[in-house]
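Asker: Chains as they are written, first to last, in the working numbering: chain A, 1 to 110; chain B, 1001 to 1110. C-beta atoms are modelled at their ideal positions from N, C-alpha and C, and glycine is treated no differently. Below you'll find the structure I mean.
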DNA sequence: CATCCCCTTGGCTACATTGCCAAATAGCCA
DNA sequence: TGGCTATTTGGCAATGTAGCCAAGGGGATG
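Here it is, written out as structure tokens:
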């Protein structure tokens, strides 16, 4: 494996890693609907503000969101419009898992 | 956030997490071209066989690949055809990052 | 200026992940 | 059967991540 390919793989892995957390996925979905301030997201998720803030910083560092300070609030928005199609594929993985599960159940006989 | 949505987010995060590693991304790309046995992937990546085997087991558990034992070799293949489009979006995130970087350079003046 | 509010950062603990080596398993072939 | 190859599993050390509390910074408002 050459050096460039390795770097490229690492860059992509970093983006995926940033998305690979329930709260961060929630944030992405929520921001797809429109911009939200930290306090709104905190309210919806129900964790400590500092926790949410750190999640947002992960998303920002990965280039998935941008922030906009207005007054003493900070509003975040999705920077990449395609993220949601993106999930279509993840869904199909989940559906495939379900199919396997049901065929397993058939074999088992329940 | 209700219970069902939470479960759903966790399930998706799990799939993304499984993909979020350079070697595992490499494997996914390679399997997109066709099935490969563990020894081939090991050779290409250049890590210990046991490490590759564990990566494959992560991908399998996430429902991304299936394995097929033939003789004393185990061949893996991608189970979900859409994975590669999936990357189109990740690419656009990376490109957006580059743009920011170059506009930053403009401001700095180099 | 003092105070409140929103948000971020530092620090800590608990827990998860990675990658290697060594050992176990399973199929082939002589 | 015994040895050989391909793969998986257990175990360990190093490193990374998540979430909370406490403290800090910066803007608004009285």
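#1: Given 8 Å as the limit, is there contact between the stretch 1057 to 1077 of chain B and the stretch 40 to 48 of chain A, that is, 3 or more CB pairs closer than that?
#2: Looking at the secondary structure, which residues open and close the alpha helix (DSSP H) in which residue 1048 of chain B lies?
#3: If you count every other CB in all the chains shown that lies within 10 Å of the CB of residue 1014 of chain B, and 16 or more means buried, which is it?
#4: Am I right that residue 90 of chain A and residue 1016 of chain B are in contact with their C-beta atoms under 8 Å? What's the rounded C-beta distance?
#5: On a CA-only basis, which of A/97, A/95, A/79 and A/7 is nearest residue 35 of chain A? Give me that one, please.
#6: Identify the continuous alpha helix (DSSP H) that holds residue 1078 of chain B and give its terminal residues.
#7: Would you give the residue range spanned by the alpha helix (DSSP H) that residue 22 of chain A belongs to?
#8: For residue 10 of chain A, which residues in chain B fall below 7 Å Cβ to Cβ?
#9: Give the interface partners of residue 1063 of chain B over in chain A, defined as CB-CB distance under 8 Å, in chain order.
#10: Decide if residue 1 of chain A is buried, meaning its Cβ has at least 16 other Cβ atoms within 10 Å, or exposed.
#11: Note the first and the last residue of the continuous alpha helix (DSSP H) segment covering residue 1013 of chain B.
Answerer: With the structure as the only source:
#1: Not touching, per the Cβ criterion.
#2: Counted as a single uninterrupted DSSP element, the stretch harbouring residue 1048 of chain B is not any alpha helix (DSSP H), since DSSP gives it neither H nor E.
#3: Residue environment: residue 1014 of chain B is assigned as buried (16 or more neighbouring CB atoms within 10 Å of its CB, all protein chains considered).
#4: At roughly 7 Å, the Cβ-Cβ gap stays under 8 Å, so residue 90 of chain A and residue 1016 of chain B are in contact.
#5: Closest option to residue 35 of chain A, Cα to Cα, is A/79.
#6: Here residue 1078 of chain B belongs to no alpha helix (DSSP H); instead the beta strand (DSSP E) covers 1073 to 1078.
#7: Where residue 22 of chain A is concerned, the enclosing alpha helix (DSSP H) stretches over 22 to 33.
#8: Neighbours of residue 10 of chain A on chain B, chain order: 1022.
#9: Ordered by position in chain A, the residues that pass the 8 Å Cβ test against residue 1063 of chain B are 93, 94, 96, 97 and 100.
#10: Result: exposed.
#11: Per DSSP, residue 1013 of chain B belongs to the alpha helix (DSSP H) from 1003 to 1019.
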